[in-house]
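Worksheet: the structure to be examined is printed underneath.
In the numbering used here, the protein residues as written are 235 to 550.
Here it is in structure tokens:
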């Protein structure tokens, strides 16, 4: 009872509107058993002005008077989802008129409601226990950093991840893809995501549309409204684009982004998820300059395929 009393105080002083499954999962991770919890959905009447977790109290159940934490949850239970007429019928064929008759009617209907909720309580326990177990499993999925995914994993097959991704990239993508819709359009977070998966610095910048000059003189009868008869001296023929620049640190890393390389395929695949469909994405690759320009390597002819790539590691 003393241990449950401490948890009772904790539930009563939650800092915000926490889902019941989340709070119960915290208790279980702290050593509380599922058998020590009693979930009691009481309907959504108070949900508009109360939290998900309503009244919490210590009670005893069973012939052995086992102490449990009784947690009222402001959600619909099985009783609330069934038609009212299944449980509630007038106690008299005549409408209640007097105060005593109305009070008796209310008392009887409340007793029937309590009996119906008590009848469904064992079934609802299994529903909420399953939700708590699901919350615990989701936590393990998100916070288990040692877990890796391969091509035979359920999540890999569900998202249709390609074979050219390595184990680390696949693991990071499995965690990121469920939240990809929140990253689209947020360039700083998109940049962090690309750097996490690619393993190289990434820079995202907007590219202004091309501006074309208009002819200086246009004769009447030879101009088209909206094409060469517009206000100003220039017009734009395209929409703004987004340029994604990958900056590998070494020439060997840069080779992966050459046409047909694994890095290039990975970058194109990520752009399909992390950029709006109407956005034109340009991908570029730049070799990161060394920390000390004096130590910059010169153009050296060598049998190493990563040395002296014109326009990549060598500039005129």
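In this text, a Cβ means the ideal position worked out from N, Cα and C, and glycines have one as well.
Give the DSSP bridge partners of residue 475, in chain order. BP columns for residue 475 point to 441 and 514.
Counting pairs of beta carbons, one from the segment 505–513 and one from the segment 406–422, are three or more of them closer than 8 Å? Cβ pair count under 8 Å is three or more, so yes.
Anticipated Cβ contact below 8 Å, residue 295 with residue 302, distance rounded: The beta-carbon distance between residue 295 and residue 302, rounded to whole angstroms, is 6 Å. This is short enough to meet the 8 Å contact definition.
Could you give the distance in angstroms between the alpha-carbon of residue 352 and the alpha-carbon of residue 358? Put simply, the backbone Cα of residue 352 is about 10 Å away from that of residue 358.
Secondary structure of residue 273, DSSP reduced to three states: It is a strand residue.
Should residue 403 go down as buried or exposed, given a rule of 16 or more other Cβ atoms within 10 Å for buried? Of the residues assessed, residue 403 falls on the buried side of the cut-off, its CB having 16 or more other CB atoms within 10 angstroms.
If you pair each beta-carbon of the segment 283–292 with each one of the segment 319–334, do three or more pairs fall below 8 Å? Too few Cβ pairs lie closer than 8 Å, so no.
Could you tell me whether the Cβ atoms of residue 496 and residue 398 are closer together than 9 Å? For the 9 Å CB-CB criterion, residue 496 and residue 398 form a contact.
Between the alpha carbons of residue 425 and residue 438, how many angstroms are there, rounded? When only Cα atoms are considered, residue 425 and residue 438 end up about 7 Å apart.
Quick check: the segment 253–272 against the segment 361–372, are at least 3 beta-carbon pairs closer than 8 Å? By the criterion of at least three beta-carbon pairs nearer than 8 Å, the segment 361–372 is in contact with the segment 253–272.
On the criterion of 16 or more Cβ atoms from any shown chain inside 10 Å, does residue 415 qualify as buried, or is it exposed? By the neighbour-count rule (16 or more Cβ atoms within 10 Å), residue 415 is not buried but exposed.
Touching or not, the segment 261–277 and the segment 326–342, by the rule of three or more beta carbon pairs under 8 Å? The segment 261–277 is not in contact with the segment 326–342.
Can you list, in chain order, the residues of its chain with a C-beta nearer than 6 Å to that of residue 272? Leave out the 5 residues immediately preceding and following it. Apart from sequence neighbours up to five positions away, the residues of its chain that approach residue 272 with a beta-carbon distance below 6 Å are 302 and 304, ordered along the chain.
For a test of your reading of the model: does the CB of residue 433 fall under 8 Å from any non-hydrogen atom of the ligand SAH? Yes or no. The ligand SAH is not part of the structure shown, which contains no ligands of any sort.
Reference residue 309, options 361, 242, 238 and 474, closest by Cα: Among 361, 242, 238 and 474, the Cα nearest to that of residue 309 is on 361.
Under 9 Å between the Cβ atoms of residue 395 and residue 407? Less than 9 Å divides the Cβ of residue 395 from the Cβ of residue 407.
Give a yes or no on whether the C-beta atoms belonging to residue 551 and residue 518 are separated by under 9 Å. This structure cannot speak to residue 551, because the chain is shown only from 235 to 550.
Distance, Cα to Cα, residue 429 vs residue 391? Those two C-alpha atoms are separated by around 24 Å.
Assigned secondary structure, residue 302 (DSSP; H/G/I helix, E/B strand, else coil): DSSP places residue 302 in strand when its eight states are reduced to three.
In DSSP terms, what residue 291 is bridged to: In the DSSP output, where bridge partners are listed per residue, residue 291 has 304.
Do residue 350 and residue 313 have their beta-carbon atoms positioned less than 9 Å apart in this structure? Yes, the pair counts as a contact, with Cβ atoms nearer than the cut-off.
For residue 487, count neighbouring C-beta atoms within 10 Å of its own C-beta (all shown protein chains included) and say buried if the count is 16 or more, exposed if not. It is buried - the Cβ of residue 487 has at least 16 other Cβ atoms within 10 Å.
Can you have a look at residue 444 and say buried or exposed, based on whether 16 or more other CB atoms are within 10 angstroms of its CB? Exposed, since its Cβ has fewer than 16 Cβ neighbours within 10 Å.
Could you round the C-beta distance between residue 492 and residue 431 to whole angstroms and report it? I think they count as a contact, below 8 Å. Not really, about 19 Å apart at Cβ, beyond 8 Å.
Output needed for residue 270: all residues of its chain with C-beta closer than 7 Å, excluding positions within five of it in sequence on either side, in chain order. So the qualifying residues of the chain are 238, 302 and 303.
Which residue from 401, 459, 458 and 259 puts its Cα closest to that of residue 372? If we check each option's Cα against that of residue 372, 259 comes out closest.
Alpha-carbon spacing of residue 528 relative to residue 410, whole angstroms: Reliability fails at residue 528, whose pLDDT of 44 lies under 50, so the model's placement of it is uncertain and the value that follows must be treated cautiously. Using only the alpha carbons, I get a separation of about 40 Å.
Which residues in the same chain have their Cβ closer than 8 Å to the Cβ of residue 499, if we skip the five residues on either side of it in sequence? The answer, listed in chain order, is 396 and 398.
Assigned secondary structure, residue 447 (DSSP; H/G/I helix, E/B strand, else coil): If DSSP states are grouped into helix, strand and coil, residue 447 belongs with the strands.
Straight-line gap, residue 473 to residue 401 (C-alpha atoms, nearest Å): Inter-residue distance for residue 473 and residue 401 is about 37 Å (C-alpha atoms, whole angstroms).
At what residues does the alpha helix (DSSP H) containing residue 346 begin and finish? Following the DSSP letters along the chain, one finds residue 346 inside the alpha helix (DSSP H) bounded by residues 333–377.
Own chain partners of residue 343 with C-beta closer than 7 Å, once the 5 adjacent residues on each side are dropped: Hits under 7 Å: 322.
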